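Numbering-wise, the sequence shown is residues 1 to 234 according to the UniProt record's numbering. Idealized CB from N, CA, C, for every residue including glycine. Because the structure is a prediction, the values reported are computed rather than measured. A short worksheet on the structure shown next.
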Amino acid sequence: MSPSPQWTVIDRSNNSAQKSWNALTELGDLVRPIATNRADFIQECRDGKLDGVVAAYRTFSSVSITGLVDEELVNALPTSLKYLAHCGAGYDQVDVHACSSRQPPIRVSNVPTAVDDATADVTMFLIIGALRNFNTSMQALREGKWRGQPAPALGHDPQGKVLGILGMGGIGRNLKKKAEAFGMKVIYHNRRPLSEELSGGAQYVTFDELLATSDVLSLNLPLNVSEFKMIMEA
(Lines of atoms letter the chains of each structure in order from A and count residues from 1; the text may use other names and numbers.)
(Lines give C-alpha, C1' and ligand atoms only; values in the text may rest on other atoms or scores of the structure.)
Protein backbone atom coordinates (compact mmCIF):
# COMPACT_ATOMS: atom_id res chain seq x y z
CA MET A 1 0.00 0.00 0.00
CA SER A 2 1.38 3.42 -0.97
CA PRO A 3 1.70 6.00 1.83
CA SER A 4 -1.02 8.61 2.24
CA PRO A 5 -0.32 11.97 0.61
CA GLN A 6 0.66 14.79 2.92
CA TRP A 7 -0.85 18.27 3.01
CA THR A 8 -0.21 21.30 5.16
CA VAL A 9 -2.04 24.30 6.56
CA ILE A 10 0.24 27.33 6.75
CA ASP A 11 -1.30 28.70 9.92
CA ARG A 12 -0.63 28.82 13.64
CA SER A 13 -4.07 27.67 14.64
CA ASN A 14 -7.32 26.56 13.14
CA ASN A 15 -10.48 26.82 15.17
CA SER A 16 -13.09 26.86 12.42
CA ALA A 17 -14.79 24.34 10.12
CA GLN A 18 -13.55 21.43 12.19
CA LYS A 19 -15.90 19.01 10.44
CA SER A 20 -14.40 19.87 7.06
CA TRP A 21 -10.83 19.67 8.35
CA ASN A 22 -11.51 16.27 9.86
CA ALA A 23 -12.88 15.08 6.53
CA LEU A 24 -9.59 16.03 4.88
CA THR A 25 -7.70 13.65 7.15
CA GLU A 26 -9.31 10.83 5.18
CA LEU A 27 -7.45 12.02 2.08
CA GLY A 28 -4.02 12.45 3.58
CA ASP A 29 -1.88 13.27 6.59
CA LEU A 30 -1.73 16.83 7.93
CA VAL A 31 1.76 18.23 8.44
CA ARG A 32 1.97 21.61 10.18
CA PRO A 33 5.04 23.83 9.89
CA ILE A 34 6.50 24.94 13.21
CA ALA A 35 7.91 28.24 11.89
CA THR A 36 6.46 31.51 13.16
CA ASN A 37 8.12 33.87 10.66
CA ARG A 38 9.18 33.96 7.03
CA ALA A 39 12.90 33.31 7.53
CA ASP A 40 12.25 30.26 9.70
CA PHE A 41 9.60 28.94 7.29
CA ILE A 42 11.96 29.18 4.32
CA GLN A 43 14.68 27.45 6.34
CA GLU A 44 12.22 24.76 7.40
CA CYS A 45 11.46 24.10 3.73
CA ARG A 46 15.13 24.05 2.76
CA ASP A 47 15.91 21.64 5.58
CA GLY A 48 13.45 19.19 4.04
CA LYS A 49 11.03 19.17 6.97
CA LEU A 50 8.06 19.62 4.63
CA ASP A 51 9.27 17.23 1.95
CA GLY A 52 6.47 14.99 0.74
CA VAL A 53 3.77 17.62 1.15
CA VAL A 54 1.62 17.62 -1.99
CA ALA A 55 -0.88 20.40 -1.20
CA ALA A 56 -0.84 23.50 0.99
CA TYR A 57 -3.70 25.65 2.24
CA ARG A 58 -2.87 29.31 2.79
CA THR A 59 -5.07 31.44 5.06
CA PHE A 60 -4.87 35.18 5.65
CA SER A 61 -3.08 34.59 8.93
CA SER A 62 -0.41 32.76 6.91
CA VAL A 63 0.97 36.18 5.94
CA SER A 64 2.53 36.61 9.38
CA ILE A 65 4.44 33.37 8.80
CA THR A 66 5.33 33.39 5.10
CA GLY A 67 4.84 36.94 3.90
CA LEU A 68 3.97 37.18 0.21
CA VAL A 69 4.21 34.05 -1.89
CA ASP A 70 6.92 35.49 -4.13
CA GLU A 71 9.64 33.90 -6.22
CA GLU A 72 11.98 33.44 -3.25
CA LEU A 73 9.35 31.57 -1.27
CA VAL A 74 8.17 29.52 -4.24
CA ASN A 75 11.71 28.32 -4.96
CA ALA A 76 12.11 27.25 -1.33
CA LEU A 77 8.92 25.17 -1.22
CA PRO A 78 9.34 21.38 -1.40
CA THR A 79 9.46 19.97 -4.93
CA SER A 80 6.69 17.56 -3.94
CA LEU A 81 4.23 20.47 -3.66
CA LYS A 82 1.77 20.51 -6.55
CA TYR A 83 -1.18 22.53 -5.26
CA LEU A 84 -1.54 25.79 -3.34
CA ALA A 85 -5.05 26.70 -2.19
CA HIS A 86 -5.15 30.44 -1.55
CA CYS A 87 -7.93 31.67 0.75
CA GLY A 88 -8.56 34.92 -1.09
CA ALA A 89 -10.56 36.39 -3.94
CA GLY A 90 -7.54 37.58 -5.92
CA TYR A 91 -3.90 36.72 -6.44
CA ASP A 92 -2.44 39.92 -4.97
CA GLN A 93 -0.36 37.98 -2.46
CA VAL A 94 0.68 35.13 -4.74
CA ASP A 95 3.15 35.31 -7.63
CA VAL A 96 1.25 32.99 -9.95
CA HIS A 97 3.92 33.30 -12.65
CA ALA A 98 6.59 32.05 -10.25
CA CYS A 99 4.35 29.14 -9.25
CA SER A 100 3.60 28.10 -12.83
CA SER A 101 7.23 28.56 -13.95
CA ARG A 102 8.64 26.32 -11.25
CA GLN A 103 9.53 22.75 -12.12
CA PRO A 104 7.42 20.93 -11.28
CA PRO A 105 4.83 23.74 -11.45
CA ILE A 106 2.48 24.58 -8.58
CA ARG A 107 -1.21 24.95 -9.39
CA VAL A 108 -2.82 27.83 -7.51
CA SER A 109 -6.51 28.14 -6.70
CA ASN A 110 -8.48 31.00 -5.18
CA VAL A 111 -12.04 31.70 -4.04
CA PRO A 112 -13.19 34.55 -6.31
CA THR A 113 -16.78 34.88 -5.09
CA ALA A 114 -16.64 33.74 -1.46
CA VAL A 115 -16.33 37.22 0.06
CA ASP A 116 -18.20 39.34 -2.50
CA ASP A 117 -21.12 39.97 -0.17
CA ALA A 118 -19.03 40.54 2.96
CA THR A 119 -16.62 42.90 1.20
CA ALA A 120 -19.46 44.92 -0.32
CA ASP A 121 -21.08 45.14 3.13
CA VAL A 122 -17.94 46.63 4.66
CA THR A 123 -17.47 48.96 1.69
CA MET A 124 -20.99 50.31 2.14
CA PHE A 125 -20.28 50.78 5.85
CA LEU A 126 -17.14 52.78 5.00
CA ILE A 127 -19.00 54.89 2.44
CA ILE A 128 -21.71 55.85 4.91
CA GLY A 129 -19.08 56.43 7.60
CA ALA A 130 -17.18 58.82 5.32
CA LEU A 131 -20.32 60.68 4.27
CA ARG A 132 -21.58 61.08 7.83
CA ASN A 133 -18.18 61.80 9.43
CA PHE A 134 -18.42 58.80 11.73
CA ASN A 135 -14.72 58.85 12.53
CA THR A 136 -14.81 62.48 13.72
CA SER A 137 -17.80 61.79 15.93
CA MET A 138 -16.28 58.62 17.37
CA GLN A 139 -13.07 60.46 18.21
CA ALA A 140 -15.07 63.21 19.96
CA LEU A 141 -16.95 60.54 21.91
CA ARG A 142 -13.72 58.93 23.11
CA GLU A 143 -12.40 62.35 24.17
CA GLY A 144 -15.55 63.08 26.17
CA LYS A 145 -16.74 65.77 23.75
CA TRP A 146 -19.86 63.95 22.62
CA ARG A 147 -22.26 66.60 23.98
CA GLY A 148 -21.63 68.83 20.99
CA GLN A 149 -18.58 70.67 22.30
CA PRO A 150 -17.55 71.44 19.62
CA ALA A 151 -20.47 70.67 17.34
CA PRO A 152 -19.79 67.72 15.02
CA ALA A 153 -19.02 68.44 11.38
CA LEU A 154 -22.04 68.40 9.11
CA GLY A 155 -22.50 65.04 7.41
CA HIS A 156 -24.05 64.08 4.10
CA ASP A 157 -26.80 61.64 3.21
CA PRO A 158 -26.10 58.93 0.62
CA GLN A 159 -29.42 59.61 -1.11
CA GLY A 160 -28.89 61.28 -4.46
CA LYS A 161 -25.10 60.96 -4.37
CA VAL A 162 -23.24 59.45 -7.32
CA LEU A 163 -21.17 56.37 -6.51
CA GLY A 164 -18.44 55.66 -9.03
CA ILE A 165 -17.28 52.05 -9.05
CA LEU A 166 -13.88 51.38 -10.56
CA GLY A 167 -13.79 47.66 -11.23
CA MET A 168 -17.22 46.14 -11.79
CA GLY A 169 -16.43 42.56 -10.84
CA GLY A 170 -18.33 40.46 -8.33
CA ILE A 171 -17.68 42.85 -5.44
CA GLY A 172 -18.46 45.93 -7.53
CA ARG A 173 -21.75 44.49 -8.78
CA ASN A 174 -22.70 43.48 -5.25
CA LEU A 175 -21.87 46.95 -3.97
CA LYS A 176 -23.99 48.51 -6.73
CA LYS A 177 -27.12 46.79 -5.41
CA LYS A 178 -26.43 47.85 -1.84
CA ALA A 179 -25.68 51.45 -2.80
CA GLU A 180 -28.90 51.72 -4.79
CA ALA A 181 -30.82 50.56 -1.71
CA PHE A 182 -29.47 53.71 -0.01
CA GLY A 183 -30.66 55.90 -2.87
CA MET A 184 -27.32 56.35 -4.62
CA LYS A 185 -26.90 56.57 -8.38
CA VAL A 186 -24.21 54.19 -9.63
CA ILE A 187 -21.85 54.68 -12.56
CA TYR A 188 -18.84 52.50 -13.30
CA HIS A 189 -15.68 52.07 -15.31
CA ASN A 190 -14.27 48.70 -16.26
CA ARG A 191 -11.75 47.43 -18.76
CA ARG A 192 -14.77 46.84 -20.99
CA PRO A 193 -18.49 47.60 -20.64
CA LEU A 194 -20.61 44.85 -19.12
CA SER A 195 -23.78 43.44 -20.59
CA GLU A 196 -27.01 45.05 -19.47
CA GLU A 197 -27.74 41.95 -17.40
CA LEU A 198 -24.43 42.06 -15.54
CA SER A 199 -24.34 45.83 -15.07
CA GLY A 200 -27.89 45.88 -13.76
CA GLY A 201 -28.53 49.15 -15.55
CA ALA A 202 -25.51 51.00 -14.16
CA GLN A 203 -24.06 53.51 -16.64
CA TYR A 204 -20.63 52.80 -18.13
CA VAL A 205 -18.40 55.90 -18.30
CA THR A 206 -14.79 56.63 -19.17
CA PHE A 207 -12.17 56.72 -16.44
CA ASP A 208 -11.96 60.52 -16.62
CA GLU A 209 -15.76 60.84 -16.44
CA LEU A 210 -15.81 58.57 -13.41
CA LEU A 211 -13.35 60.78 -11.55
CA ALA A 212 -15.09 64.00 -12.60
CA THR A 213 -18.68 63.07 -11.76
CA SER A 214 -18.50 60.74 -8.75
CA ASP A 215 -19.33 62.02 -5.27
CA VAL A 216 -17.87 58.82 -3.84
CA LEU A 217 -15.32 56.60 -5.58
CA SER A 218 -15.00 52.91 -4.73
CA LEU A 219 -11.89 51.08 -5.92
CA ASN A 220 -12.62 47.40 -6.46
CA LEU A 221 -9.36 46.37 -8.10
CA PRO A 222 -6.44 44.03 -7.52
CA LEU A 223 -3.67 45.77 -5.60
CA ASN A 224 -0.92 45.54 -8.20
CA VAL A 225 1.62 47.96 -9.67
CA SER A 226 -0.36 48.91 -12.78
CA GLU A 227 -3.60 49.62 -10.92
CA PHE A 228 -1.76 51.57 -8.22
CA LYS A 229 0.03 53.65 -10.85
CA MET A 230 -3.25 54.38 -12.65
CA ILE A 231 -4.80 55.82 -9.48
CA MET A 232 -1.73 57.79 -8.41
CA GLU A 233 -1.40 59.42 -11.83
CA ALA A 234 -5.10 60.28 -12.14
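Alpha-carbon spacing of residue i relative to residue j, whole angstroms
i           : j      : result
TYR204      : GLN6   : 48 angstroms
THR136      : ASP117 : 27 angstroms
THR8        : LEU50  : 8 angstroms
GLY170      : VAL54  : 31 angstroms
residue 239 : ALA89  : There is no way to answer for residue 239, as the model of the chain reaches only from 1 to 234.
SER64       : ASP47  : 20 angstroms
HIS86       : ASN190 : 25 angstroms
ASP95       : PRO158 : 38 angstroms
THR36       : LEU68  : 14 angstroms
For residue i, the nearest candidate out of the options (CA to CA)
i           : options                        : result
PRO71       : MET168, ALA181, ILE42          : Reading off the sequence shown, one finds Glu at residue 71, where the question assumed Pro. The shortest Cα separation from GLU71 among MET168, ALA181, ILE42 belongs to ILE42.
GLY167      : GLY160, LYS176, GLN159, LYS161 : LYS176
CYS99       : GLY88, GLY170, PRO78           : PRO78
ILE10       : TYR57, THR113, GLY52           : TYR57
residue 253 : ALA17, LEU24, ALA76            : Because the chain here runs from 1 to 234, residue 253 falls outside it and cannot be looked at.
SER109      : LEU84, ILE231, ASP29, SER61    : LEU84
GLU180      : ASN220, MET124, LEU198, GLN139 : MET124
LEU219      : TYR188, GLU209, ARG192         : TYR188
PHE182      : GLU143, LYS161, LEU198         : LYS161
Whole-Å CB distance - residue i paired with residue j, under 8 angstroms assumed
i      : j      : result
SER214 : LEU163 : 7 angstroms
VAL186 : ALA202 : 5 angstroms
Three-state class that DSSP yields for residue i in the structure shown
i      : result
LYS178 : helix
ALA85  : strand
ILE34  : coil
LEU219 : strand
VAL54  : strand
Worksheet item: In chain order, which continuous runs of the beta strand (DSSP E) of length 3 or greater are located wholly inside the segment 126-208?
Response: 162-166, 185-189
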